[in-house]
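For the sequence shown, the residue numbers in full-length UniProt numbering are 1 to 134. Glycine included, each C-beta is placed from N, C-alpha and C at the ideal position. For clarity, every value in this text was computed on a predicted model and none was experimentally measured. Here's the structure we're looking at; comments come further down.
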Amino acid sequence: MSHRNDELDPQGIAARREVLGDAYVDRSLDGADDFSWPLQELVTRNCWGDIWTREGLPRQTRSLVNLGMMVALNRPHELKIHLKGALNNGCTPAEIREVLLQSAAYCGFPAAIDGFRVAREVLAEEGIAFRDGE
């Protein structure tokens, strides 16, 4: 089976690339095989095409909501990806910190501690130094 990126939902793939970056999306698509390709199509169409392109919330808000959900679900790999997406969408480290602090109250301290650990890794990878009040 040949996987054709041009057959993916155009709005979905555009949003996915804008938020997560071409390199990440290309790795995901290139790594798909006959078994997993239908999931790439589903994610691109439903998550990115149907949800991320809606007008009801700005992308920054969607990113912050996703961070809280990834902490709640204990999905560090997806949290890392969506932390980078949140930064791409213009979320500040201070806003990200507030989401992680709020998750401590509603998701538990172990989940929030993991969230902070992943966020610190991402900020370091992105060369972003956090200074209180910025």
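- Judged by beta-carbon spacing, Gly12 lies within the 8 Å limit of Gly49, meaning their Cβ atoms are closer than that value.
- Sixteen is the threshold: since fewer than 16 other Cβ atoms of the shown chains lie within 10 Å of the Cβ of Leu39, the residue is exposed.
- Here Cys91 carries a coil assignment [DSSP, helix/strand/coil].
- The beta-carbon separation of Lys80 and Leu20, rounded to 11 Å, does not stay under the 8 Å limit for a contact.
- In this structure, the straight-line span from the alpha carbon of Ala86 to that of Ala94 is close to 12 Å.
- At the C-beta level, Ser103 and Gly127 stay beyond 8 Å of one another.
- C-alpha of His77 to C-alpha of Leu123: approximately 15 Å in a straight line.
- An exposed status is given to Asn46, since fewer than 16 other beta-carbon atoms sit within 10 Å of its beta-carbon.
- As the crow flies, the alpha-carbon of Glu121 is around 17 Å from that of Tyr24.
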